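In the working numbering, the protein residues as written are 2 to 441.
For every residue, glycine included, the Cβ atom is placed at its ideal position computed from N, Cα and C.
Just so we're clear, the structure is a prediction, and the values are computed from it rather than from any experiment.
These notes concern the structure reproduced below.
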Amino acid sequence: MPLVRKNAAIQEPEGKLGVLLVGLGAVSTTFIAGVEAIKKGRAEPIGSLTQMGTIRLGKRTEHRSPRLKDFLPFTELKDLVFGAWDIFPDNAYQAAAKAGVLEPALLEEVREPLERITPWKAAFDQFYVKRLSGPHVKTGKTKWSLAKEIMHDITAFKGEHGLKRCVMIWCGSTEIFLQEKPVHKALASFERGLKENDIDISPSQIYAYAALSLGIPFANGAPNLTVDIGALQELARKKRVPIAGKDFKTGQTLMKTIVAPGLKARVLGLSGWFSTNILGNRDGEVLDDPESFKTKEESKLSVLEYILQPGIYPTLYGRFTHKVDIHYYPPRGDNKEGWDNIDIFGWLGYPMQIKINFLCRDSILAAPIVLDLVLFLDLAQRAGMRGVQEWLSFYFKSPMTAPNLYPEHDLFIQLTKLKNTLRYLRGEDLITHLGVEYYD
Ligand SMILES: NC(=O)c1ccc[n+]([C@@H]2O[C@H](COP(=O)([O-])OP(=O)(O)OC[C@H]3O[C@@H](n4cnc5c(N)ncnc54)[C@H](O)[C@@H]3O)[C@@H](O)[C@H]2O)c1
């Protein structure tokens with residue numbers, strides 16, 4: 002790829018953009034309510050790079066640092082239209098009230114647009130999320146017919162709102178741990194599997210198949226296998242659709258990808274990292290099931306290995322112990338508390354400890370990620386990008402990459418990669434931070 006993209010045309014965002022959310026729970030409703038509150042001037046879009054971030058262009062002496070939203074043709078918040086599926090029939094206002102993330106007074110102010118969002122029936126099977134059951138579920142006999150029903154929901158939604166473009170984000174519960182099987186390898190075998198109700202095809206994969214078949218970009222906010230399979234990546238390339246995943250990087254893993262690169266930068270050693278947290282929302286309840294937790298654990302554990310590269314630094318990182326667990330503790334609701342005990346060692350091997358106690362709010366951290374992914378995926382599609390969008394790794398605990406490539410987990414490298422991709426899309430010089438020219 003040349004360092005500067007020539008003829009860098011990005012189609013303008015014409016008309017409205019449909020935001021299709023699978024799951025209308027804590028994250029989705031906090032996202033939608035937030036967008037409505039921001040539109041009313043009631044709050045600021047804090048945590049959203051597309052809304053508040055800037056990008057340096059050219060040399061430092063040029064003093065060019067526009068806001069991302071002035072540099073790129075994003076869809077405006079006023080042009081977002083929301084649709085969702087859930088296994089509960091509650092509208093977005095009721096679901097937000099039950100999730101209990103936002104204060105009643107704020108919810109009251111955005112009640113009207115939220116009440117208008119009533120979910121479609123879900124493609125759901127309790128086999129894949131053991132701790133969940135609900136009445137608002139599609140009854141299609143095969144996974145193939147469920148995919149068709151989802152496509153029908155989308156087509157009707159597009160017709161109703163006169164939409165040309167949509168983006169789908171999986172904000173549904175974490176499914177049980179699945180691995181790529183022969184049925185997942187190629188599109189033809191996957192489509193056969195849908196018709197034959199293959200047990201290895203999960204509901205999240207049915208939604209993703211429906212979206213990609215209709216040319217709709219897809220991002221996976223949970224640690225599910227979903228689009229990490231040959232068949233759906235083949236479909237994304239064939240239909241020229243961008244995809245991204247997986248598992249929103251919010252609380253404890255966000256901290257890990259901020260702190261670990263710093264320790265490594267100063268070549269300080271690590272002998273152990275113990276992470277535990279308590280969480281009381283429905284996500285916490287689902288993750289209380291060992292099969293769903295296994296999916297989450299895999300996603301959370303991989304981070305340190307990739308950042309610290311024990312193969313290259315055996316003395317510093319060759320033997321560290323890494324433990325992660327989550328406890329479902331209802332009194333905390335969505336307000337998670339995480340504890341990290343980090344055992345490090347320095348000069349001459351002398352041990353030290355770092356303690357992090359993060360009292361975070363899960364959905365408050367996740368909502369701006371959903372917004373950015375919607376806007377970036379739509380932009381990517383208008384810029385002609387397709388398949389896995391590694392530059393969006395910044396937002397994920399387990400970033401997707403090309404086969405045989407290890408994922409980049411360091412938050413600061415991820416941010417550089419994201420911003421350089423945006424410069425590239427706009428035909429601007431990439432920034433290497435070399436800077437020798439200032440001293441010539
Ligand atoms: N909040 C965070 O910080 C964070 C971070 C990383 C990942 N996640 C993931 O994001 C997802 C959403 O989190 P949340 O806190 O909103 O959870 P939640 O339990 O409040 O909401 C999930 C919703 O998805 C619905 N659902 C489940 N399966 C479905 C299906 N097949 N079709 C339609 N709807 C379905 C559930 O009924 C529920 O309403 C979870 O998988 C969670 O692990 C969240």
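Reduced DSSP category for residue i - H, G, I as helix; E, B as strand; rest coil
i	result
Pro331	helix
Ser29	helix
Leu22	strand
Ile432	coil
Thr156	helix
Pro204	helix
Ser214	helix
Val389	strand
Ala232	helix
Met353	strand
Phe75	coil
Ile11	coil
Arg68	strand
Phe395	helix
Ile479	As shown, the chain starts at 2 and ends at 441. That puts residue 479 outside it, with no answer to give.
Whole-Å CB distance - residue i paired with residue j, under 8 Å assumed
i	j	result
Arg283	Gly84	Between Gly84 and Arg283 the Cβ distance is about 21 Å, and since that is not below 8 Å, they are no contact.
Arg333	Ile279	6 Å
Arg383	Gln12	4 Å
Thr227	Ala367	So it is not a contact: roughly 17 Å between Cβ atoms.
Leu133	Gly141	19 Å between Cβ atoms; not a contact.
Phe1	Leu380	Since the first residue shown for the chain is 2 and the last is 441, residue 1 is missing from the structure and cannot be characterised.
Val138	Ile88	6 Å
Trp171	Gly135	In fact, because the Cβ distance is near 17 Å, the residues do not count as touching under 8 Å.
Thr175	Ser293	5 Å
Leu376	Thr51	5 Å
His162	Val82	5 Å
Gly339	Gln206	That pair is no contact at about 30 Å.
Gly281	Pro331	4 Å
Gly231	Phe346	42 Å between Cβ atoms; not a contact.
Ala266	Gly388	Going by Cβ atoms, the distance from Ala266 to Gly388 rounds to 32 Å, so no, they are not a contact pair.
Nonlocal neighbours in the same chain, by C-beta distance under 6 Å from residue i, ignoring five residues either side
i	result
Thr119	Asn92
Arg21	Inspection of the sequence shows that residue 21 is occupied by Leu rather than by Arg. Excluding sequence neighbours, Leu21 sits near Gly84, Cys167, Met169.
Arg68	Thr55
Phe102	Checking the displayed sequence, the identity of residue 102 turns out to be Val instead of Phe. Here the set comprises Ala27, Thr31, Asp335, Ser364.
Arg57	Ser66
Ala454	With the chain covering 2 to 441 only, the question about residue 454 has no answer from this structure.
Ala442	Shown here, the chain extends from 2 to 441; a query on residue 442 therefore has no answer.
Gly402	Correcting the residue identity first, residue 402 is Thr in this sequence and not Gly. Counting only Cβ-Cβ distances below 6 Å, and skipping sequence neighbours, we find Glu391, Pro408.
Cutoff 8 Å; reference residue i; Cβ partners in own chain excluding five residues on either side
i	result
Ile259	Leu412
Leu416	Phe395
Pro105	Ala98
Cutoff 7 Å; reference residue i; Cβ partners in own chain excluding five residues on either side
i	result
Ser1	Residue 1 lies beyond the range of the chain shown here (2 to 441); nothing can be said about it.
Glu306	none
Minimum length 4: unbroken alpha helix (DSSP H) runs contained in the stretch 277–307: Those alpha helix (DSSP H) runs which fall completely within the stretch 277–307 and span 4+ residues are 283–288.
message: For a minimum of 3 consecutive residues, which ranges assigned as the beta strand (DSSP E) are wholly contained in the stretch 140–190?
response: The qualifying runs are 166–171.
task: Starting from the N-terminal side, write out each stretch of the alpha helix (DSSP H) that is 4 residues or longer and does not extend beyond the stretch 95–135.
output: Qualifying alpha helix (DSSP H) stretches, in chain order: 105–110, 112–116.
- prompt: At which residue ranges does the stretch 38–65 contain complete alpha helix (DSSP H) runs of 4 or more residues, listed in the order of the chain?
  reply: Complete alpha helix (DSSP H) runs here, min 4: 50–53.
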